[in-house]
Amino acid sequence: MVFTDNCEGRKLKITCYFLCALSLLLSGLCSGRQTDSSDLQLTLTQSGDELAIKIANVSGEFIKINKALSIDPLVGAIHFVIKEKGRERYIQGEVNSSPLSEHSYLDLQPNSFFGGVYDLRFIEKMYGVAGHCYNLQVFYLDKNAKEFNAFEGKIFSRQMEICAK
1107 MVFTDNCEGR KLKITCYFLC ALSLLLSGLC SGRQTDSSDL QLTLTQSGDE LAIKIANVSG
1167 EFIKINKALS IDPLVGAIHF VIKEKGRERY IQGEVNSSPL SEHSYLDLQP NSFFGGVYDL
1227 RFIEKMYGVA GHCYNLQVFY LDKNAKEFNA FEGKIFSRQM EICAK
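Under the numbering used here, think of the first position of the sequence shown as 1107, with each following residue one higher.
Put into structure tokens, the structure is as follows:
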């Protein structure tokens, strides 16, 4: 196609350059690496009756996560897997959580972490733990992640044994 030097030709040329530049910009933005479960680590630390949960971004990119860290099965991203004498225990109580919004999320910087502390006695009551010792594992899974363009993967902590003192 040959462009003329008239006004109409210059408009077409400018429009073509603009569309080409926009196309290149969008293809660059959309070609980013997909975040996967190996980009985050979930660790547990017990101190007496408290359990600290830490989510670490071990990637070189920002990762959007649910910062509410609620255990509410409807909106929460933190899920406990509790096994007592080999049998899995399920949540028996209700948790009242606020609805999620864009403010419920944070962009976790590369090589940083976010976490929270949970009362183990409260968790034990919520799951109906009756024995002296049980195994505990935590996983992060945000069922609402797609709606908020956040991390959609599932990450697990290592399993640990908890014994009441």
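From the three backbone atoms N, C-alpha and C, an ideal C-beta is built for every residue, glycine too.
Item: What number of angstroms, rounded off, separates the C-alpha of Lys1191 from the C-alpha of Tyr1240?; Value: 7 Å
Item: Among the candidates Gly1237, Lys1173 and Lys1231, whose CA atom is the shortest distance from the CA of Glu1208?; Value: Lys1173
Item: Let me check one thing: in DSSP terms, what residues is Thr1151 bridge-paired to?; Value: Ala1158
Item: Please classify Glu1258: does DSSP put it in a helix, a strand, or coil?; Value: coil
Item: Taking the continuous beta strand (DSSP E) assigned at Leu1214, which residues delimit it?; Value: Tyr1211 to Leu1214
Item: So, is Tyr1196 buried or exposed, given that buried needs 16 or more other C-beta atoms within 10 angstroms?; Value: exposed
Item: Taking Lys1249 as the reference, give the member of Ala1162, Val1181 and Asp1155 with the closest Cα.; Value: Val1181
Item: With a CB to CB cut of under 6 Å and the five nearest residues on each side skipped, what residues in its chain are close to Val1187?; Value: Gln1243
Item: Would you decide whether Val1235 is buried or exposed? Buried here means 16 or more other CB atoms lie within 10 Å of its CB.; Value: buried
Item: Under 8 Å by Cβ, that's how I've got Ile1261 and Leu1148 pegged, so tell me the actual separation to the nearest angstrom.; Value: 5 Å
Item: Within a Cβ cutoff of 6 Å, which residues of the same chain sit near Gln1265, ignoring the five residues on either side of it in sequence?; Value: Asn1241 and Gln1243
Item: I need the boundaries of the beta strand (DSSP E) containing Leu1247, first residue and last residue.; Value: Cys1239 to Leu1247
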